[in-house]
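These notes are about the structure you will find just below.
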Amino acid sequence: MIVSSSHIQTQGSSVEVLLYGATVISWKTGTQPVERLFVSSKAALDGSKPIRGGIPIVFPCFGAPSHPEHARLSQHGFARNQAWTFDSVVTDDGSGVSVRLTLTPTASIKAVYDRSFELAYVVTLGEDALATDLHVKNTSRSSVYPEGNLEFQALFHTYIRAPADQVLVFPLQNKKYYDKTETSEEGRNTAKTEMRAGVDVRTFTDSVYEDAAMPKYEVRWPGCGIEIKVEGLKDVVVWNPQREQAARSGTWKGADGALIIVTSWVCADIHGDRERYVCVEPGHVRGYVKLEPGQTWIGRQLLRVVMETE
Ligand code: TA6
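Be aware that the sequence shown starts at 730, since it is given in my numbering, and climbs by one per residue.
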């Protein structure tokens, strides 16, 4: 289904964006140049399924749908598995080159989602920086409240190429988060407070930091660092599946009345290459953005290589 990709290059840096999902699948910087994003060796790049890597766009729902309007959608919504339309190349004042892609309700989207919207995605390549801006416009003409309202979640599911056993994410200390690795619903819905100065992903990590709203995050490992500045994105997710461990344990009464206690650990490397990336995902995923007819929302991340020793 991939129609084509858009490839822009400036001063050695380059970015490649597939029209499928408007997914950035490569961002290279420097004179080498060095690839800064991770795409799994198990990723399908033929449009058959969402790409495991790069920067998938999550819209209009994050994770399993929970809003009534999203009931027929799959995990992370539809933006990442639709063919977007190439709109234009925008060369700005020399600080970078931008491409603009758009997505409006297609027949396949309308079959599962009956809201009026227009998405525009602007990817801007600078010398050592990459910006991704998602514009969401409520194009409903309904003046009837609340039918015309658009309620959604949005997130950049950014896979940063880094050694998972050494990388740390700053600054999240004292931030409230929800731990999706908890095995109970109650555990997953109980807020925790981050005590660490730097968050690691040496073990299975799937943490949703609410209202982290930092002007910038830093992803650091020996010899390199990526800075992520955000606008309009109040939450951030840190994820690496490592060996997702599903503990199956419990106590059952055997036929003869004896107690049977079972504890088994199932390790699954279902994602592949887990040791070579960390996902740092700015978004609005706790609660919903609410747009009235005619309103537009913009979420932006600016990635920059801030430190590298040759
Ligand atoms: O952002 C973290 C997460 O929500 C994880 O829970 C995991 O599901 C990951 O996204 C990947 O989701 P995917 O649908 O791409 O397999």
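C-beta: ideal position from N, C-alpha, C; glycine also.
These numbers come from a predicted model, not from an experiment.
Anticipated Cβ contact below 8 Å, residue i with residue j, distance rounded
i: L830; j: W813; result: 4 Å
i: E956; j: R1033; result: 5 Å
i: E947; j: F899; result: 5 Å
i: W1026; j: V852; result: Not a contact, Cβ separation roughly 18 Å.
i: V787; j: A808; result: 7 Å
i: T752; j: P785; result: 6 Å
i: G783; j: Y888; result: 6 Å
i: D935; j: T910; result: 5 Å
i: P951; j: Q895; result: 6 Å
i: V826; j: V746; result: That belief does not hold up - the Cβ atoms of V826 and V746 are roughly 12 Å apart, past 8 Å.
i: S742; j: L854; result: 6 Å
Residue i versus the options, residue with shortest Cα-Cα distance
i: F1011; options: E939, G855, S743, Y749; result: Note on identity: in this sequence residue 1011 is Pro, with Phe being the wrong assignment. P1011 has its Cα closest to that of E939, out of E939, G855, S743, Y749.
i: S777; options: Y749, L863, W756; result: Y749
i: V873; options: E847, G1023, M1036; result: G1023
i: E923; options: V965, S837, R972; result: V965
i: A858; options: P951, K958, D929; result: K958
i: A793; options: R1015, V1035, I754; result: R1015
i: R931; options: T861, P944, V967; result: V967
i: A773; options: V818, V1035, I754; result: I754
i: G759; options: V744, R870, R1003; result: V744
i: E764; options: R1005, L1031, V1009, H1013; result: R1005
i: K904; options: K945, G952, A920, E915; result: A920
i: H1013; options: I838, S871, C790; result: C790
i: L901; options: L962, G927, N969; result: G927
i: P892; options: R917, D775, G954; result: G954
i: V1007; options: R781, S795, M943; result: R781
i: D816; options: T833, S770, L962, W756; result: T833
i: E798; options: R870, K839, E856; result: K839
i: D1002; options: Q971, Q1030, V1009; result: Q971
i: D775; options: E915, R925, F846, N810; result: N810
i: T861; options: Q1030, G806, V1035, E1037; result: Q1030
Next on the checklist: With a threshold of 8 Å, are at least 3 pairs of Cβ atoms found where one atom belongs to the segment 1019 to 1038 and the other to the segment 879 to 890?
Outcome noted: yes
Checklist entry - Which whole runs of the alpha helix (DSSP H) in the segment 851 to 888 are 4 residues long or more, in chain order? => result none
Checklist entry - Which parts of the segment 759 to 825 are runs of the alpha helix (DSSP H), unbroken and 4 residues or longer, counting only runs that do not cross its ends? => result none
Item to check | Every unbroken beta strand (DSSP E) within the segment 897 to 981, with a cutoff of 3 residues, ordered by chain | outcome: 897 to 899, 905 to 908, 920 to 922, 934 to 938, 945 to 950, 953 to 960, 964 to 969
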